[in-house]
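Inspection log for the structure reproduced underneath, given as structure tokens.
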Amino acid sequence: MGGGQSTPVAEILDGSYEGYHVVKVHKDSPAELAGLVPLFDFIVSINEERLYKEDSTFVDQLNANIGVPIPIIVYNSRVRGVRELIIVPSNSWGGAGLLGASIRFCSFETATENVWHVLDVRPNSPVSRAGLKSDVDYILGSCDTTLYDQNSFYQLVEAMNKKPVNLYVYDISTDSCREVTVTPDTDWGGDGSLGCSMGYGLLHRYASERVSLYCNL
Numbered sequence: 005m006g007g008g009q010s011t012p013v014a015e016i017l018d019g020s021y022e023g024y025h026v027v028k029v030h031k032d033s034p035a036e037l038a039g040l041v042p043l044f045d046f047i048v049s050i051n052e053e054r055l056y057k058e059d060s061t062f063v064d065q066l067n068a069n070i071g072v073p074i075p076i077i078v079y080n081s082r083v084r085g086v087r088e089l090i091i092v093p094s095n096s097w098g099g100a101g102l103l104g105a106s107i108r109f110c111s112f113e114t115a116t117e118n119v120w121h122v123l124d125v126r127p128n129s130p131v132s133r134a135g136l137k138s139d140v141d142y143i144l145g146s147c148d149t150t151l152y153d154q155n156s157f158y159q160l161v162e163a164m165n166k167k168p169v170n171l172y173v174y175d176i177s178t179d180s181c182r183e184v185t186v187t188p189d190t191d192w193g194g195d196g197s198l199g200c201s202m203g204y205g206l207l208h209r210y211a212s213e214r215v216s217l218y219c220n221l
């Protein structure tokens with residue numbers, strides 16, 4: 005896939021909506037230099053090999069190409085499109101791993117659905133002290149565990165009362181992501197253990213920016 009040819013996104017994905025979710029990108033790493041975007045990017049192909057399942061293919065390609073530029077195809081759930089990046093695996097960039105990123109294999113078919121919209125943040129509440137903001141902040145997931153559905157977030161909060169919970173948060177006002185540590189506390193002095201309301205479902209998803217169904221690869 006090259007030479008400026010336009011390839012339909014559906015053809016690239018080939019009916020499979022799984023890939024390696026880029027959860028975290030470390031500073032000055034090969035992943036950062038390649039332009040990988042944490043939380044929104046899913047690596048679906050490496051060196052022209054489609055990654056249909058979690059096996060040794062991805063790691064084998066990295067190990068076989070240390071110091072060599074290789075193409076990866078990435079699906080971005082924010083814009084719902086794909087792009088090609090060039091990454092150079094390295095064992096001497098100054099950190100752990102050949103990519104310098106935390107990844108996990110999962111489905112991105114419903115990537116924009118499992119989000120929790122932060123609303124009505126109360127003053128001096130646990131979420132307020134953590135820096136979460138009403139209306140503009142969306143919780144995308146947890147750094148420590150996978151949140152599969154609406155209830156999994158509430159179960160996590162309940163189980164971690166008075167213990168720190170590390171969350172990935174997207175701010176629509178700045179179009180940026182950050183890690184936030186919140187400590188749920190049923191004794192904080194107000195309702196609930198977080199001190200805010202949470203919106204979930206169709207009316208509380210951040211707006212995705214649809215791009216063309218074709219991309220140049």
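In my numbering, the protein residues as written are 5 to 221.
Ideal placement from N, C-alpha and C gives every residue a C-beta, glycine not left out.
Since we're looking at a predicted model, the values are computed, not measured.
Keeping to the same chain, check which residues put their C-beta closer than 7 angstroms to that of residue i; ignore five residues upstream and five downstream.
i      : result
Pro168 : Thr185, Thr187
Gly194 : Arg126, Ser129
Gln154 : Tyr204
List the endpoints of the continuous alpha helix (DSSP H) containing residue i.
i     : result
Thr61 : 61-68
Do residue i and residue j have their C-beta atoms closer together than 7 angstroms?
i      : j      : result
Val13  : Val86  : yes
Ser132 : Leu171 : no
Asp179 : Val140 : no
Ser201 : Asn165 : no
His30  : Gly99  : yes
Glu183 : Phe109 : no
His121 : Gly19  : no
According to DSSP, is residue i helix, strand or coil?
i      : result
Cys219 : Summary for Cys219: the model assigns pLDDT 37, below 50, so the residue's position carries little reliability, and this model does not support an answer.
Tyr158 : helix
Ala35  : helix
Ala134 : coil
Leu17  : helix
Ala100 : coil
Thr163 : Note on identity: in this sequence residue 163 is Ala, with Thr being the wrong assignment. Note: Ala163 maps to helix in three-state DSSP.
Tyr204 : coil
Tyr152 : coil
Trp192 : coil
Leu128 : According to the sequence provided, residue 128 is Asn. The question's Leu does not apply to it. Reduced to three states, the DSSP call for Asn128 is coil.
Asp139 : coil
Ser146 : strand
Val41  : coil
Asn170 : strand
For the beta strand (DSSP E) holding residue i, just list the boundary residues, first then last.
i      : result
Phe46  : 45-50
Pro75  : 74-80
Tyr56  : Segment: none, Tyr56 is in no beta strand (DSSP E) and carries neither H nor E.
Thr185 : 180-186
Cys110 : 105-111
Ile3   : Any property of residue 3 remains undetermined from this structure, which presents the chain solely from 5 to 221.
Leu198 : No beta strand (DSSP E) holds Leu198; DSSP gives it neither H nor E.
Val119 : No beta strand (DSSP E) holds Val119; DSSP gives it neither H nor E.
Gly23  : 22-29
Who are the near neighbours of residue i in its chain, counting only those whose CB is closer than 8 angstroms to its CB and skipping five residues on each side?
i      : result
Tyr152 : Asn118
Asp124 : Ser138, Cys200, Ser201
Ile107 : Tyr24, His25, Val26, Val27, Ile47
Phe62  : Tyr24, Ile47, Ile50, Leu55
Tyr21  : Ser111, Phe112, Glu113
Asp148 : Val169, Asn170
Considering only residues of the same chain and omitting the five flanking positions on each side of residue i, which have a CB-CB separation below 6 angstroms?
i     : result
Phe46 : Gly23, His25, Tyr79, Phe112
So is residue i in contact with chain B if we call contact Cβ pairs under 7 angstroms?
i     : result
Arg87 : Judged by its chain identifiers, the structure shown contains no chain B, having just a single protein chain.
#### Entry: Contact between the segment 24-40 and the segment 76-92 (3+ Cβ pairs under 8 angstroms)
Flag = yes, the segment 24-40 and the segment 76-92 touch.
#### Entry: the segment 13-22 in contact with the segment 67-75 per 3-pair CB rule at 8 angstroms
The segment 13-22 makes no contact with the segment 67-75, as fewer than three CB pairs between them are under 8 angstroms.
### Message
Does the structure place the segment 73-81 close enough to the segment 50-62 that three or more beta carbon pairs sit under 8 angstroms?
### Response
Yes, since at least three Cβ pairs between the segment 50-62 and the segment 73-81 fall closer than 8 angstroms, the two stretches touch.
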